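No gaps in the numbering here: position 39 of the sequence shown is 39 in the UniProt record's numbering, and each next residue is one more. In what follows, a structure is listed as structure tokens, so that the remarks can point back to it.
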Amino acid sequence: MFLSVFDMFKLGIGPSSSHTMGPMVAGARFLDLLRRQPFQVAGLRASLHGSLAFTGVGHATDRATILGLAGFTPSDYDAEKAEAALERIRSERLVTPEGLPPLRFDPARDLVFDYGPPLPGHANGLILRGTDPQGDVIVEETYYSVGGGFVLTAAELAQGKATDDGPPVPYPFDTAAAMLRMAHESGLSIAQMKRANELSRIEASHLDAGLRRIWDVMVACIDRGLAADGILPGGLKVKRRAAGIHRSLLAERGFNLSAPHTINDWMSAYAMAVNEENAAGGQVVTAPTNGAAGVVPATIRYWLDHVPGASVRQVPEFLLTAAAVGGLIKYNASISGAECGCQAEVGSASAMAAAGLCAVLGGTPMQVENAAEIALEHHLGMTCDPVRGLVQVPCIERNGLGAIKAVSAASLSLRGDGTHLVPLDAAIETMRQTGRDMHEKYKETSLGGLAVNVPNC
Ligand code: SF4
């Protein structure tokens, strides 16, 4: 199964890849299904299940589902147009997607949060239905938002690991062990093998332009976050802090006032800037999810701004290496908080960032694998318990800590020769098993942990 660098890094909108982007993508897929039907539908209905119901309001899942059914997609999302469309749909009780007749859809009646047992396939399920003029269901599809904005139908999920119809890739590694073996045999770096795999599917110019665009959006997101003050939406009254921390760091520069550990505050400021933008519903790059979107950009920005010799020309090498590791984790375990807790989101992002940083700092494939393993190992068991179902607490700060661990993991790895006791494959499998055994209330339901112990003020 080939997972492209553009599967691991996607342009998206906040606050959640699984709860916001996924349902929007599902809506777009359902509209395609309707366009292929020999008959016309007159109306739509949607029901949200499992984690999509429990934390759906905080994650704006209802808005995303409505917009998806109206034809919006995360990659060309326009916030102003979306707001206008939502207002119109709520007042007219109608959606008008391209290529279909106007469809009856009253969000207050036709969009249901189902708090019963989750659907059998995955914690994040939604059912979309098309109805005839009498309101009877004539077409129905079940979708699962499996993390990182990936969406599968019930049938696709039942097939097991998703199939890949594309041409074979030259380095088809599906484990870290295979990745290291192929690197050893070919003499190539992990980024070079990943690039060769990508080029078996797309033109070099598209790959390079796409990687540039990913980094441009990451930088723009950091910069917007570092310039914005105020209170985040959602009702928790969480204050944006990245801009203030950044201002104080800039003020201390050059005065020899800072302790060495202050470098961690730079990483936190960059990561928090991204996750505050995400929490505000802004444009981010899923990396590999929205909740964990700050770790990789913060690590790159830290390296570019603070490490002598860093060059933006190496950002593609960073992203390709990180994507190779993210693909292994997604294929063999999960990148979904609803499936395996936050170890799968911030833990995966930290492993990806550690691998990318180790690579651009000159690490061998074995050191890169070691860096990813260290970062993932020390996120094992981390639960997902967002307060009020918002991707704010603990998520925003947690991305800063994920970036700090990524930098430490890369640095520790570079002090060794790449040999180590716990293989990355073992850490990934441990994460999968730990996620499977983790109680449901710690998997993006907001029914346990911080979500129930932080007083609602
Ligand atoms: S706690 Fe982690 S997994 Fe859960 S929503 Fe926040 S970032 Fe995502």
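Backbone N, C-alpha and C fix where the C-beta goes; we use that ideal spot for every residue, glycine too. None of the values given here were measured: they were computed from a predicted structure.
For residue i, count the other beta carbons within 10 Å of its own beta carbon; 16 or more makes it buried, fewer makes it exposed. Which is it?
i      : result
Lys1   : The amino acid at residue 1 is misidentified as Lys; the sequence shows Met. Under this definition Met1 is an exposed residue.
Glu276 : buried
Lys81  : exposed
Ala191 : buried
Lys443 : buried
Ser413 : buried
Phe30  : buried
Val422 : exposed
Ala310 : buried
Gly254 : exposed
His306 : exposed
His206 : exposed
Asn453 : exposed
Is residue i helix, strand or coil by DSSP?
i      : result
Phe105 : coil
Phe113 : strand
Ala380 : For the record, residue 380 in the displayed sequence is Leu; it is not Ala. DSSP places Leu380 in coil when its eight states are reduced to three.
Val137 : strand
Phe6   : helix
Arg29  : helix
Thr96  : coil
His49  : strand
Thr142 : strand
Phe72  : coil
Thr131 : strand
Thr175 : coil
Val285 : strand
Thr153 : strand
Ile335 : coil
Leu449 : For the record, residue 449 in the displayed sequence is Gly; it is not Leu. In the structure shown, Gly449 sits in coil (DSSP, three-state: anything other than H, G, I, E or B).
Leu11  : strand
Residue i and residue j look like a contact to me (Cβ under 8 Å); what is the Cβ gap, rounded to whole Å?
i      : j      : result
Ala279 : Gly14  : 6 Å
Arg195 : Leu357 : No, Arg195 and Leu357 are not in contact; Cβ-Cβ is about 18 Å, not under 8 Å.
Gly12  : Asn290 : 6 Å
Ser186 : Ala123 : About 39 Å separates the two Cβ atoms, so there is no contact after all.
Excluding five sequence neighbours on each side, which residues of the same chain lie with their C-beta closer than 7 Å to the C-beta of residue i?
i      : result
Phe113 : Leu48, Ala53 and Gly56
Leu180 : Pro365, Met366 and Glu369
Ile89  : Ile66, Ala70, Val95, Phe105 and Pro107
Leu111 : Ala46, Asp62, Thr65 and Ile66
Ser258 : Glu252
I'd like the list of long-range same chain contacts for residue i, defined as Cβ closer than 8 Å, with 5 residues on each side in sequence excluded.
i      : result
Ile428 : Ala176, Leu328, Ile329, Asn332, Ala333 and Leu376
Pro167 : Ser200 and Arg201
Thr131 : Val41, Ala42, Gly43, Leu44, Arg45, Arg104, Val137 and Ile138
Gly416 : Gln367 and Asn370
Leu380 : Gln343, Gly347, Ala427, Thr430, Met431 and Thr434
For residue i, which residues in the same chain have their Cβ closer than 6 Å to its Cβ, ignoring the five residues on either side in sequence?
i      : result
Trp215 : Val315
Thr96  : Pro102
Met218 : Val285 and Pro297
Ala354 : Ala371, Ala372, Ala375, Ala406, Ala409 and Ala410
Leu128 : Phe30, Ala46 and Glu141
Gly402 : Val295, Val346, Ala349 and Ser350
At a cut-off of 7 Å, is residue i close to the ligand FAD when judged by its beta-carbon and the heavy atoms of the ligand?
i      : result
Cys395 : Among the ligands modelled here, namely the ligand SF4, the ligand FAD does not occur.
Are the region 269-289 and the region 237-248 in contact at 8 Å, needing three or more beta carbon pairs?
Yes, they touch.
Count the C-beta pairs between the region 388-395 and the region 46-64 that are closer than 8 Å, then say yes if the count reaches three, no if not.
yes
Tell me, please, whether the region 16-26 touches the region 147-159 by the rule of three or more beta-carbon pairs shorter than 8 Å.
yes
Between the region 67-78 and the region 24-40, do at least 3 Cβ pairs fall closer than 8 Å?
Flag = yes, the region 67-78 and the region 24-40 touch.
Counting Cβ pairs, one atom from each stretch, are 3 or more of them under 8 Å apart for the region 295-310 and the region 33-43?
The region 295-310, when compared against the region 33-43, does not touch it at the 8 Å Cβ threshold.
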